[in-house]
Amino acid sequence: MVPIETDSLDLDSSKKNHPLSGVECLTIKVGSALLVDPETGALRQQWLTDLAADIAVLKSKGMQILIVTSGAISLGRSILNLTNQTLPLPQIQAAASVGQVALSEAWRDALAPHNITTGQILLTPNITEERRSYINARATISTLLGLGAIPIINENDSVATSEIRYGDNDRLSARVASMIGADCLVLLSDVDGLYTARPESNIDAEHLPIVKNITPQIEAMAKGAASHLSRGGMTTKIDAAKIATQSGTSMIITNGTKSHPLTAIINGAKHTFFPAKRSPAAARKRWILGTLDVKGEIYIDAGASKALFSGKSLLPIGVTRVKGEFEHGDAVSIRGEQGNEIARGLAGMNKEEANLAKGKKSQTIIGMFGHMNRTELVHAYNLVLIATKE
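Just so we're aligned: 759 in the numbering used here is position 174 of the sequence shown, and the numbers increase by one with no gaps anywhere.
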């Protein structure tokens, strides 16, 4: 097959000082309403063709690319002529099943003229939340990339229920980018980044071109500046930024509604850039950090915070409060005196044990629980710092 001519595209990844310069591995998240016309349920074929041309140019320059895509349910609804606005779960799953075939074919057909091979991967939360499944999924994706293919990744809505779903592809894309160690994640949205307020209703809203740290103020802005195209709006995009940046992956939110959105980024289109932290976390800690299903919250005092920032484990003596329902090995959020999340880790005790042990010295805890030899609530090996200081 003869590749589509792309010489006319002004997409030069050798240019300096653009967000994709130096990126070797790129994850792109494509939302359903960008790919599928919300009114007709039909594929936005020309838009996809243009995006595929952008991707082909980047790939020709040596960049590895992963795509996390929505659209299966929307396409399946149209194919099955399911016109009701709200569908019961069995029909949603049926639509996803039919739509996944159409979605995979759409990406294959868009990239095939550029001699690019695609591979489909369907994920559910247990695959990235369970360590062994996480490693297997990462190996599959890495192998596809090594063979020159582009993985096309989506949540497996045909079997997932509301209790076992990611629920949005923003966080899924961040999870995937973190898993594979991508340099950058691009979220194609209907807005050109994060604003201090809703720009359509507040003339004083200011666009934020760069967000170096995700503070409570930034999270508050996200709640007031939701994107109407995604399930979670801007809030899930900020959640995605937390996962990505702490794992060593930078993130971009940009408007993807127009043609050639990757070209637009390189040529200076407005966007919000979330720089990655200086060094990627080790593989195990990257997995811990990206865990979406946080079961509990552990509140600690200033002394315990200081110990964590010096590289030590979390001991019960510094714990002031325990919330949630968690078992040994579940992910927990560790919060400081102001309530802000400073770390995340895997619990060495369940909720009942943690409540009994909190505030007590290690010598007192030894022997309290017959099955335990250690006294750490979260061991340093199973802990990842999120904040730089309390």
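A virtual CB, placed ideally from N, CA and C, is assigned to each residue, including glycine.
- Taking the Cα positions, PRO801 is about 12 angstroms away from ILE927.
- Approximately 5 angstroms separates the beta-carbon atoms of GLY656 and VAL621; this is inside 8 angstroms, confirming the contact.
- Within the segment 788-874, the runs of beta strand (DSSP E) at least 3 residues long that lie entirely inside it are, in chain order, 835-840 and 856-859.
- Between the segment 763-779 and the segment 869-886, the count of Cβ pairs shorter than 8 angstroms is three or higher; the stretches touch.
- Beta-carbon to beta-carbon, LEU688 and THR654 are separated by about 7 angstroms, close enough to satisfy the 8 angstroms threshold.
- A straight line joining the alpha-carbon of THR668 with that of PRO675 spans about 15 angstroms.
- Using a Cβ distance threshold of 7 angstroms, THR703 and ILE735 count as a contacting pair.
- Sequence-distant Cβ neighbours of LEU651 in its own chain, meaning closer than 8 angstroms and more than five residues away, are CYS610, LEU611, THR612, ILE613, ILE726, LEU730, ILE735, PRO736, ILE738, VAL761, ALA762, ILE765 and ALA767.
- Separation of LEU962 and LYS870 (C-alpha to C-alpha, rounded to the nearest whole angstrom) is 17 angstroms.
- When DSSP states are grouped into helix, strand and coil, ARG783 belongs to the coil group.
- Just so you know, the alpha carbons of ASP789 and LEU660 end up roughly 38 angstroms apart.
- In this structure ALA759 is in contact with LEU770, their Cβ atoms being roughly 6 angstroms apart against a cut-off of 8 angstroms.
- According to DSSP, THR960 shares a beta bridge with no other residue.
- Beta-bridge partners assigned by DSSP to TYR884: ARG906 and ARG920.
- Ranked by how close their Cα comes to the Cα of GLY818, the residues LEU970, TYR780 and PRO794 have TYR780 in first place.
- Within a 10 Å sphere around the beta-carbon of TYR884 sit 16 or more other beta-carbons, which makes this residue buried.
- In the DSSP assignment, no residue is bridged to ASN967.
- Around the beta-carbon of ARG723, 16 or more other beta-carbon atoms lie within 10 Å, marking it buried.
- Contact between VAL796 and THR857 is confirmed by a C-beta separation of about 6 angstroms, below the 8 angstroms threshold.
- Ranked by how close their Cα comes to the Cα of ASP775, the residues VAL879, ILE640, LEU628 and THR839 have THR839 in first place.
- The DSSP-derived three-state label of LEU674 is helix.
- Distance check between GLU922 and each of ALA805, LEU931, GLU912 and VAL907 places VAL907 closest, using alpha-carbon atoms only.
- Beta-bridge partners assigned by DSSP to ALA928: ILE919 and LEU970.
- Excluding sequence positions up to five before and after TRP692, its CB lies within less than 6 angstroms of the CB of THR703 and ILE737, all in the same chain and listed in chain order.
- For GLY896, the three-state secondary structure derived from DSSP is coil.
- If you draw a straight line from the Cα of ASN602 to the Cα of PRO860, it is about 13 angstroms long.
- Between the beta-carbon of PRO784 and that of LEU636 there is about 25 angstroms, and that puts the pair past the 8 angstroms contact cut.
- The continuous stretches of alpha helix (DSSP H) do not include GLU740, which lies in the beta strand (DSSP E) extending over residues 735-740.
- Bridge partners of LEU611 according to DSSP: ILE650 and CYS769.
- Per DSSP, LEU708 is one residue of the beta strand (DSSP E) stretching across 703-708.
- Residue range 630-645 is occupied by the alpha helix (DSSP H) that includes VAL642.
- In the DSSP assignment, the residues bridged to VAL621 are LEU628.
- Annotation: the continuous alpha helix (DSSP H) that includes LYS936 extends over 936-942.
- Taking C-beta separations shorter than 6 angstroms and ignoring five residues to either side along the sequence, the partners of GLY909 in its chain run LYS880, GLY881 and GLU882, following chain order.
- If you look at ILE951, you'll find it isn't in any alpha helix (DSSP H); DSSP assigns it neither H nor E.
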